[in-house]
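Numbering (the numbering used here), first residue to last: 4 to 210.
Here's the structure we're looking at; comments come further down.
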Ligand SMILES: C[S@@+](CC[C@H](N)C(=O)[O-])C[C@H]1O[C@@H](n2cnc3c(N)ncnc32)[C@H](O)[C@@H]1O
């Protein structure tokens, strides 16, 4: 069963699509990426339902699909964060707040989030397609202890920070080398989710 048909069967799917206005040509890709991240988050939230979770959807993009969708879970509050101003009205979305912020301002970002969430331990970072250095920046946030869990679907490759032998790089190819580099920066794990309808279908996740 595809992620798109799984999504369409959910009660919240038409609400989510109404609010997010996704381009039809990108719909399947976007929905499958969102479902891939959602599945990871759900595994954690369902196993610890007594907790109130805070999700940081970093580089959420204009339509905030991940954020809107995940905010339909009962015990989560989502902060959608992007450098661009908010172009849609998310006021009807329960448990979600949009924050316009440049995440390259590392310490300012940490201060801003700490002000919002305090030193809460129940923070999960999600990010789909943070380009290049943004991905390392997100891993660095996780490394500070800001979040308990982190899930990233990387896309465009940035500067490789860790030593990876050339032979391994050659075997992995460009995209997997980039994902592997991100995972090495935080003892992370790599999973390929073949139900994500994009060549960028690897999830870097914290262990
Ligand atoms: C490739 S898009 C991914 C959007 C969305 N997550 C998705 O999967 O469709 C990358 C996003 O990163 C945002 N971005 C770029 N530089 C940023 C920065 N310095 N701080 C925060 N967001 C940034 C862009 O505005 C854009 O929305």
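Note that CB positions come from ideal geometry on N, CA and C, so glycine has one too.
Return helix, strand or coil for residue i, following the three-state DSSP convention.
i	result
residue 22	helix
residue 196	coil
residue 87	coil
residue 2	This structure cannot settle anything about residue 2, because the visible part of the chain is limited to 4 through 210.
residue 99	strand
residue 153	strand
residue 108	coil
residue 27	helix
residue 73	helix
residue 119	helix
Taking the alpha-carbon positions, what's the residue i to residue j distance?
i	j	result
residue 79	residue 153	15 Å
residue 209	residue 186	8 Å
residue 150	residue 56	11 Å
residue 162	residue 181	8 Å
residue 73	residue 81	7 Å
residue 179	residue 140	18 Å
residue 121	residue 173	43 Å
residue 6	residue 142	26 Å
residue 17	residue 50	27 Å
Specify, as a first and last residue, the run of the alpha helix (DSSP H) that residue i falls within.
i	result
residue 33	30–50
residue 171	169–187
residue 9	6–11
residue 141	136–146
Buried or exposed for residue i, please, with buried defined as at least 16 other CB atoms from any protein chain shown within 10 angstroms of its CB.
i	result
residue 88	exposed
residue 101	buried
residue 202	exposed
residue 165	exposed
residue 33	buried
residue 133	buried
residue 116	buried
Over what stretch of residues does the beta strand (DSSP E) that includes residue i continue unbroken?
i	result
residue 59	56–61
residue 128	126–131
Go through the residues and name those whose CB comes closer than 5 Å to any heavy atom of ligand 1, in chain order. 62, 64, 85, 86, 87, 105, 106, 107, 131, 132
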